[in-house]
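S.K.: Before I ask anything, here is the structure I am working with.
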Amino acid sequence: MNKWILALSMLLLCMSSWLAYAKEYKLILKDHLFYPAEITVPANKKLRLVIENQDDTPEEFDSFDLNREKVLYPGRTSVIYIGPLSPGRYDFFGEFSPNTARGTVVATEVNDADN
Amino acid sequence: MLITSLLMSINQLLPVVILAVLLSLIVPLSQRQLSIYAVIGTLMSLVFVQAAAWVSQLFDHRGLEFIQMLLCIMIFVAALMSCQQRKMAAALALIATMTLYLSHYMIYLVSFWHSKDTAEPLILGTCLGVGICISFGVLLFFLLESIVRRAGVQPLVVLLAFNATAKLLIFLDLASQVDLLDVTSNYLDWRGFLVENSELGRVLKALVGYEATPSKTALWVYVIAAVVFIALARVLKIKKTEEPVCGS
């Protein structure tokens with residue numbers, strides 16, 4: 017049993033270091049609004065969105081354009097990997113508060129991206 | 045809030061209703077059995093909701109996706125085994141689907157339940173959503189039942205194959221979301237043809253897993269998995285259902 021736990025831990029450790037190269041972007045959810053509402057990212061690169069829900073209610077990060085869906089629990093941090101994206105605009109929204117919690121990922125060519 | 049509750053309830057309930065209808069016609073399930081599975085599925089969803097916040101922080105914030113990916117695989121395999129008219133497999137597929145979808149809606153319900161401003165539209169939207177899903181389920185049941193009478197159970201197995209394979213697309217999206225697989229490049233864009241958040245788009249998504257912007261990998265996986273499902277269902281020798289038990 018211990019061998020299995022050790023093997024699983026090693027696998028996850030290796031996986032974490034393998035995943036570490038994705039550039040990180042932080043989003044904050046507060047008062048049912050995403051901050052920043054628009055993030056500019058480099059096109060054709062893998063990205064790691066770190067989303068912190070500072071509200072006292074859950075929210076669901078949803079995007080038809082990015083094919084992503086994840087519940088953001090209150091006071092917790094969530095991670096979503098996106099990309100590589102072609103240049104363009106990709107909308108996302110909070111499914112529980114779709115009128116207010118809205119945002120856009122703007123993928124631009126690397127030279128123009130706001131890094 | 046009313047519209048959000050309505051859309052949320054339809055999005056989360058419709059896949060469950062569709063699978064229940066399909067399984068009740070392919071596997072002879074009685075209404076009593078369906079009711080028992082529904083209760084167990086609801087309880088499992090509640091357990092999932094209770095543990096989800098904690099699970100979400102495991103494995104570098106990817107715990108929730110791992111559980112959901114496991115549920116998707118379980119649904120696909122259990123749906124396939126259901127073609128042999130195994131009631132336990134049908135029960136497993138239904139309970140796993142309920143856990144996957146209803147837990148989302150329960151999180152939403154629990155979060156906004158306590159506020160006076162939101163409770164009323166929440167209940168109203170949920171009632172409307174449940175009503176629409178049940179109506180759709182009843183119509184689908186009679187439509188599929190007439191197909192079974194005319195053409196046998198095989199068309200339903202094909203529909204079940206597409207429905208179950210759609211869960212593999214969710215698996216792929218989740219795997220991509222936690223960066224286990226890279227399936228995001230080479231997107232196809234069918235948004236000009238049909239957007240996912242339209243009425244028809246939502247129904248097709250729940251029925252056969254329609255995506256307006258699928259990756260080419262997802263498309264290949266969908267086609268191959270559906271063909272494998274149908275072929276394996278034939279190999280497993282589907283017993284013909286003469287009279288569906290449910291509703292009789």
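If you read the sequences in order, they're chains G and C.
Position one of the first sequence corresponds to residue 17 (the working numbering), numbered consecutively onward.
Position one of the second sequence corresponds to residue 45 (the working numbering), numbered consecutively onward.
C-beta atoms are modelled at their ideal positions from N, C-alpha and C, and glycine is treated no differently.
Just so it is clear, the structure is predicted and the values come from calculations on it, not from any experiment.
Would you please verify whether the beta carbon of GLU255 (chain C) is less than 8 Å from any beta carbon of chain G?
M.R.: yes
S.K.: In chain order, which continuous runs of the alpha helix (DSSP H) of length 4 or greater are located wholly inside the region 104 to 182 of chain C?
M.R.: 107 to 126, 131 to 156
S.K.: Take ALA256 (chain C) and list the residues in its own chain whose beta-carbon comes closer than 6 Å to its own, dropping the five residues that flank it on each side.
M.R.: TRP234, ARG235, VAL239, GLU240
S.K.: Could you list which residues in chain G have their beta carbon closer than 9 Å to that of THR48 (chain C), in chain order?
M.R.: GLU111, PHE112, SER113, PRO114, ASN115
S.K.: I need the boundaries of the alpha helix (DSSP H) containing THR257 (chain C), first residue and last residue.
M.R.: Taken as a continuous stretch (DSSP letters only), THR257 (chain C) belongs to no alpha helix (DSSP H), as it is neither H nor E.
S.K.: Can you tell me whether PHE237 (chain C) is helix, strand or coil according to DSSP?
M.R.: coil
S.K.: Any beta-carbon of chain G closer than 8 Å to the one on ASN241 (chain C)?
M.R.: yes
S.K.: Would you say GLY110 (chain G) and HIS48 (chain G) are within 8 Å of each other, going by their C-beta atoms?
M.R.: yes
S.K.: Could you tell me which residues DSSP pairs with SER79 (chain G) in its beta bridges?
M.R.: Its beta-bridge partners are G:ARG84.
S.K.: Show which residues of chain G have a CB atom less than 7 Å away from the CB atom of ALA97 (chain C).
M.R.: TYR89, ARG92
S.K.: State the Cα-Cα distance for the pair GLU164 (chain C) and GLN75 (chain C), rounded to the nearest angstrom.
M.R.: Approximately 31 Å between the Cα atoms of the pair.
S.K.: For VAL100 (chain C), would you say it is in contact with chain G, using Cβ-to-Cβ distances shorter than 8 Å as the test?
M.R.: Rather than Val, the amino acid found at residue 100 (chain C) in this sequence is Ser. Taking Cβ atoms only, chain G reaches closer than 8 Å to SER100 (chain C), which makes this a yes.
S.K.: Strictly below 7 Å CB to CB, what residues from chain C border ARG118 (chain G)?
M.R.: The premise fails here: ARG118 (chain G) is roughly 13 Å from chain C at the closest Cβ pair, so nothing lies under 7 Å.
S.K.: Give the residues from the region 129 to 152 of chain C that approach chain G closer than 9 Å (Cβ to any Cβ), ordered along the chain.
M.R.: Result list: SER147, HIS148, ILE151, TYR152.
S.K.: If LEU216 (chain C) sits next to LEU225 (chain C), beta carbons under 8 Å apart, how far is it from one beta carbon to the other, in whole angstroms?
M.R.: 6 Å
S.K.: Bridge partners for ARG118 (chain G) per DSSP, in chain order?
M.R.: G:PHE109
S.K.: Can you tell me the Cβ-Cβ gap for MET113 (chain C) and LEU218 (chain C), rounded? I've got them flagged as a contact below 8 Å.
M.R.: By a beta-carbon distance limit of 8 Å, MET113 (chain C) contacts LEU218 (chain C). Their separation comes to about 5 Å.
S.K.: Going by the beta-carbon positions, is the gap between VAL123 (chain G) and SER102 (chain G) smaller than 8 Å?
M.R.: Here the sequence assigns Ala to residue 123 (chain G), which means Val is not the residue at that position. Their beta carbons are under 8 Å apart, which means ALA123 (chain G) touches SER102 (chain G) by this criterion.
S.K.: Pull up the DSSP beta-bridge partners for VAL265 (chain C), would you.
M.R.: According to DSSP, which records beta bridges pairwise, VAL265 (chain C) is partnered with nothing at all.
S.K.: Among the candidates C:LEU204, C:GLY253, C:ILE139, C:SER49, whose CA atom is the shortest distance from the CA of CYS127 (chain C)?
M.R.: C:LEU204
S.K.: Are three or more beta carbon pairs between the region 59 to 68 of chain G and the region 88 to 103 of chain G nearer than 8 Å?
M.R.: The region 88 to 103 of chain G and the region 59 to 68 of chain G touch, with three or more beta-carbon pairs separated by less than 8 Å.
S.K.: Quick one: which chain C residues come within Cβ less than 8 Å of THR73 (chain G)?
M.R.: SER155, PHE156
S.K.: What did DSSP end up calling VAL272 (chain C) once you bin it into helix, strand or coil?
M.R.: Of the three classes helix, strand and coil, the one that applies to VAL272 (chain C) here is helix, per DSSP.
S.K.: Any residues in the region 192 to 221 of chain C with a beta carbon nearer than 8 Å to a beta carbon of chain G? Which ones, in chain order?
M.R.: So the list reads ASP217, SER220, GLN221, given in the order they occur along the chain.
S.K.: Please say whether VAL222 (chain C) and GLU109 (chain C) have beta carbons closer to each other than 8 Å?
M.R.: yes
S.K.: Give the secondary structure of PRO199 (chain C) by DSSP, where H, G and I count as helix, E and B as strand, and everything else as coil.
M.R.: Here DSSP, grouped into helix, strand and coil, assigns PRO199 (chain C) to helix.
S.K.: Check the C-beta distance from ILE62 (chain C) over to ALA250 (chain C) and give it rounded, since I have them as a contact under 8 Å.
M.R.: Yes, they are in contact, since the Cβ atoms of ILE62 (chain C) and ALA250 (chain C) sit about 6 Å apart, within 8 Å.
S.K.: Could you name the residues that DSSP lists as bridge partners for GLU40 (chain G)?
M.R.: According to DSSP, GLU40 (chain G) bridges with G:ARG64.
S.K.: Can you name, in chain order, every residue of its own chain whose Cβ lies under 6 Å from the Cβ of LEU172 (chain C), other than the five neighbours on each side?
M.R.: LEU50
S.K.: Do LEU82 (chain G) and ASN69 (chain G) count as a contact pair if the criterion is CB distance below 8 Å?
M.R.: ASN69 (chain G) places its beta carbon 8 Å or farther from that of LEU82 (chain G).
S.K.: Just the C-alpha distance for PHE80 (chain G) and VAL66 (chain G), rounded to the nearest angstrom, thanks.
M.R.: 19 Å
S.K.: Using the beta-carbon of each residue, which ones in chain C are nearer than 9 Å to ARG84 (chain G)?
M.R.: ASP217, SER220, GLN221
S.K.: Give the secondary structure of VAL279 (chain C) by DSSP, where H, G and I count as helix, E and B as strand, and everything else as coil.
M.R.: Note: VAL279 (chain C) maps to helix in three-state DSSP.
S.K.: Using a Cβ-Cβ cut-off of 8 Å, state whether ARG246 (chain C) counts as contacting chain G.
M.R.: It does not: the Cβ of ARG246 (chain C) has no partner Cβ on chain G nearer than 8 Å.
S.K.: By DSSP's criteria, SER94 (chain G) is part of a beta bridge. Which residues make up the other side?
M.R.: G:ILE67.
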